[in-house]
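Trainee: So the sequence lines, in the order shown, correspond to chains Z and Y.
Position one of the first sequence corresponds to residue 0 (numbering that gives the first Met the number 0), numbered consecutively onward.
Position one of the second sequence corresponds to residue 0 (numbering that gives the first Met the number 0), numbered consecutively onward.
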Amino acid sequence: MRLIKSLILIPAVIIMLLSVAGCHRNSVPVYYMREDVDFSFIKKVAVMPLQNLTDERYADEIVRQTVISELLASGLVDVTIPGEVTAALEKLNIKSDAALNPDQIKQIGEMLDVQALVLGSVQQYGEVKSGSVAAPEVTITLMMADVNTGTILWSVTETLGGSSFMSRHFGAKSKTMSETVLAVVRKALLTFTE
Amino acid sequence: MSGKNRRTFVSVLVAAVSMLVFIYGCSAAKNYTSYIRPQFDIAGVKEIAVLPFENYTSGSYAAERVRRAVMIELMSKGIEVTEPGEITAVLRKQRIRSVRNITVENIRNIGEALGVDAVMKGSVGAFGISKGISVTYPDVSVNLTLIEPESGNIVWAASNTSGGPGFWTRHFGAEGPTLDEAAARVVREALDTLF
Numbered sequence: 000m001r002l003i004k005s006l007i008l009i010p011a012v013i014i015m016l017l018s019v020a021g022c023h024r025n026s027v028p029v030y031y032m033r034e035d036v037d038f039s040f041i042k043k044v045a046v047m048p049l050q051n052l053t054d055e056r057y058a059d060e061i062v063r064q065t066v067i068s069e070l071l072a073s074g075l076v077d078v079t080i081p082g083e084v085t086a087a088l089e090k091l092n093i094k095s096d097a098a099l100n101p102d103q104i105k106q107i108g109e110m111l112d113v114q115a116l117v118l119g120s121v122q123q124y125g126e127v128k129s130g131s132v133a134a135p136e137v138t139i140t141l142m143m144a145d146v147n148t149g150t151i152l153w154s155v156t157e158t159l160g161g162s163s164f165m166s167r168h169f170g171a172k173s174k175t176m177s178e179t180v181l182a183v184v185r186k187a188l189l190t191f192t193e
Numbered sequence: 000m001s002g003k004n005r006r007t008f009v010s011v012l013v014a015a016v017s018m019l020v021f022i023y024g025c026s027a028a029k030n031y032t033s034y035i036r037p038q039f040d041i042a043g044v045k046e047i048a049v050l051p052f053e054n055y056t057s058g059s060y061a062a063e064r065v066r067r068a069v070m071i072e073l074m075s076k077g078i079e080v081t082e083p084g085e086i087t088a089v090l091r092k093q094r095i096r097s098v099r100n101i102t103v104e105n106i107r108n109i110g111e112a113l114g115v116d117a118v119m120k121g122s123v124g125a126f127g128i129s130k131g132i133s134v135t136y137p138d139v140s141v142n143l144t145l146i147e148p149e150s151g152n153i154v155w156a157a158s159n160t161s162g163g164p165g166f167w168t169r170h171f172g173a174e175g176p177t178l179d180e181a182a183a184r185v186v187r188e189a190l191d192t193l194f
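(1) May I have the straight-line CA-CA distance separating Z/Trp-153 from Z/Val-78, to the nearest angstrom?
(2) Looking only at its chain, what residues have a beta carbon closer than 6 Å to the beta carbon of Z/Thr-138, apart from the 5 residues adjacent to it on each side?
(3) Check whether chain Y comes within 8 Å of Z/Glu-109, counting only Cβ atoms and requiring the distance to be less than that.
(4) Under 9 Å between beta-carbons, which chain Z residues line up against Y/Gly-172? List them in chain order, please.
(5) I want to verify the contact list: residues of chain Z whose CB lies under 9 Å from the CB of Y/Arg-99, in sequence order.
(6) So Y/Val-80 packs on Y/Ile-35, CB below 8 Å; how close in whole Å?
(7) For Z/Leu-141, which residues in chain Y fall below 8 Å Cβ to Cβ?
(8) Output yes if chain Y places a C-beta closer than 8 Å to the C-beta of Z/Thr-53; else output no.
(9) Sort out for me which residues DSSP pairs Y/Ile-267 with in a bridge.
(10) For Z/Lys-42, which option in Z/Val-180, Z/Val-155, Z/Asp-145, Z/Ser-173 has the closest C-alpha, if you only look at C-alpha atoms?
(11) Taking 6 Å as the limit between beta carbons, can you name the residues of its chain near Y/Leu-145, skipping five residues before and five after?
(12) Determine the contact status of Y/Gly-121 and Y/Arg-66, defining contact as a CB-CB distance below 8 Å.
(13) Using DSSP with H/G/I as helix, E/B as strand and the rest coil, what is Z/Gly-108?
(14) Could one say the Cβ of Y/Asn-4 lies closer than 8 Å to chain Z's Cβ atoms, at least one of them?
(15) What's the gap between the Cα of Z/Gly-108 and the Cα of Z/Ala-87?
(16) Starting from Y/Ile-153, find everything on chain Z with Cβ-Cβ shorter than 9 Å and list it in chain order.
(17) Chain Z partners of Y/Ile-146, CB-CB under 8 Å?
(18) Please state if the CB of Y/Glu-85 and the CB of Y/Leu-113 are separated by a distance shorter than 8 Å.
(19) Can you list, in chain order, the residues of its chain with a C-beta nearer than 6 Å to that of Z/Ile-151? Leave out the 5 residues immediately preceding and following it.
(20) Closest by CA to Y/Leu-178, which one among Y/Ile-109, Y/Ser-129, Y/Thr-192?
(21) Output needed for Z/Asp-37: all residues of its chain with C-beta closer than 7 Å, excluding positions within five of it in sequence on either side, in chain order.
(22) With a threshold of 8 Å between beta-carbons, can Z/Cys-22 be considered close to chain Y, or not?
(23) Which of the three DSSP states is assigned to Y/Lys-196 in this structure?
(24) In chain Y, which residues lie less than 8 Å from Z/Leu-181 when you measure between Cβ atoms?
(25) Taking the Cβ atom as the reference point for each residue, do Y/Val-115 and Z/Glu-83 lie within a distance shorter than 8 Å?
(26) Does the Cβ of Y/Val-38 have 16 or more other Cβ atoms within 10 Å, making it buried, or fewer, making it exposed?
(27) With distances taken Cα to Cα, identify the nearest neighbour of Y/Ala-189 among Y/Val-9, Y/Met-70, Y/Gly-175.
(28) Taking a Cβ distance cut-off of 9 Å, strictly less, list which residues of the stretch 101 to 124 of chain Y are near chain Z, in chain order.
(29) Rounded to whole angstroms, what's the CA-CA distance from Y/Glu-63 to Y/Ala-125? Just pull it up for me.
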């Protein structure tokens with residue numbers, strides 16, 4: 000009788016745990032990539048200042064630095080140093096880089112001698128409370144614009160964060176804010192590099 | 000202990016150890032990323048000027064503390080480092096107020112003025128004590144870039160972050176590293192990808 004009880008109880012507990020673990024939100028990046036473009040022509044890009052849509056003062060610059068590092072580490076493209084981008088924007092008298100028109104994109108591209116510009120924004124950067132547990136959450140949008148035509152070649156929105164099943168229930172290691180930024184940028188760039 | 004109790008004890012012990020091993024295995028992967036420009040001869044870099052770092056934290060001296068850690072780590076690897084006062088003097092002479100907006104031309108001039116083989120730029124994204132579910136831990140995140148003054152090319156870039164508290168700290172209250180120890184480790188791991 001006890002054996003039968005155990006045989007029922009153990010699988011029931013395992014099934015319940017697996018169901019709860021499976022309920023963890025698994026975000027899928029929303030991305031677009033122009034299919035009629037051969038991306039191998041892009042040898043060097045400039046990462047523009049990102050728009051900061053959060054209350055965190057330096058969220059844009061932290062994400063931008065990570066994007067630059069990850070793009071370089073991918074080995075696919077070279078990246079212009081950020082100071083050159085600022086100098087180009089000043090020279091062209093572009094005060095807001097939130098909405099660049101195709102002409103401006105072309106001018107910046109010519110000035111920096113790059114084939115594409117990476118633009119984007121940081122929508123979420125901070126600790127989000129879920130029940131009794133607070134965990135970092137980061138949401139970013141990145142776009143790549145062709146400097147010759149001004150058209151968007153690739154665009155992605157990615158979000159990551161929240162505490163995992165294992166960290167909530169068993170004290171497993173959860174990601175810090177910096178690790179979340181790194182993970183979200185890596186995941187977003189994977190849609191371009193893979 | 001009877002045979003039945005012993006069996007129960009052993010089963011519980013095996014289950015507990017398996018659980019701990021499983022949780023231990025859930026540790027995060029490597030947090031650093033690095034890039035080295037192909038065909039760049041890193042052995043030719045004998046002296047580096049480490050520029051003041053950009054500070055993206057709320058701590059006033061975070062950038063300078065990490066910069067010092069980078070300089071010490073470079074020196075321990077046998078690389079000569081320009082005296083920070085010399086760098087400040089050159090930046091003043093060239094009227095460079097913010098290292099954030101430094102251009103290739105600025106870097107070329109700095110390289111010439113200081114006679115260095117490379118110029119290092121950096122930023123600090125996190126530097127402080129963070130609070131986890133039940134423990135506090137040092138959180139340090141850095142981005143480093145090495146630029147060749149002649150070409151203005153980025154020849155090496157690395158980013159690294161300390162990550163959260165370790166297994167022993169989380170579960171057994173073991174003493175974790177201090178903020179400066181965490182910073183030194185993050186810097187060392189990043190520079191290990193270069194030298």
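Beta carbons: idealized from backbone N, C-alpha and C, even for Gly.
Predicted model, so just to flag it, every value in this text is computed and none were measured.
Mentor: Per the coordinate set shown:
(1) 17 Å
(2) Gln-122, Gln-123, Thr-158
(3) No, no contact with chain Y.
(4) Here the premise fails: no neighbours, minimum Cβ distance about 12 Å.
(5) Glu-60, Pro-81, Gly-82, Thr-85
(6) Contact flag wrong, Cβ pair sits at about 20 Å.
(7) Chain Y residues near Z/Leu-141: none, gap ~16 Å exceeds 8 Å.
(8) At a cut-off of 8 Å, the C-beta of Z/Thr-53 has no neighbouring C-beta in chain Y.
(9) Lying before the first or after the last residue shown, residue 267 of chain Y is absent from chain Y, which here runs from 0 to 194.
(10) Z/Asp-145
(11) If the five residues before and after Y/Leu-145 are omitted, its C-beta is found closer than 6 Å to the C-beta atoms of Ala-117, Met-119, Val-154, Trp-155, all from its own chain and listed in chain order.
(12) yes
(13) helix
(14) When Cβ-Cβ separations below 8 Å define contact, Y/Asn-4 makes no contact with chain Z.
(15) 9 Å
(16) Ile-67, Leu-71, Asp-77, Val-78, Thr-79, Ile-80
(17) Chain Z residues near Y/Ile-146: Ile-80.
(18) yes
(19) Met-142, Ala-144
(20) Closest by C-alpha distance to Y/Leu-178, out of Y/Ile-109, Y/Ser-129, Y/Thr-192, is Y/Ser-129.
(21) Contacts found: none.
(22) Confidence in Z/Cys-22 is poor, its pLDDT being 49 and thus under 50, which makes the residue's placement unreliable; the coordinate value appears in the next sentence. Answer no: the Cβ-Cβ gap between Z/Cys-22 and chain Y never drops below 8 Å.
(23) This structure cannot speak to residue 196 of chain Y, because chain Y is shown only from 0 to 194.
(24) Asn-30, Thr-32, Ser-158, Thr-160
(25) no
(26) Contrary to the premise, residue 38 of chain Y reads as Gln rather than Val in this sequence. Exposed is the call here.
(27) Y/Met-70
(28) Residues Ile-101, Thr-102, Val-103, Glu-104, Asn-105, Ile-106, Lys-120, Ser-122, Gly-124.
(29) 13 Å
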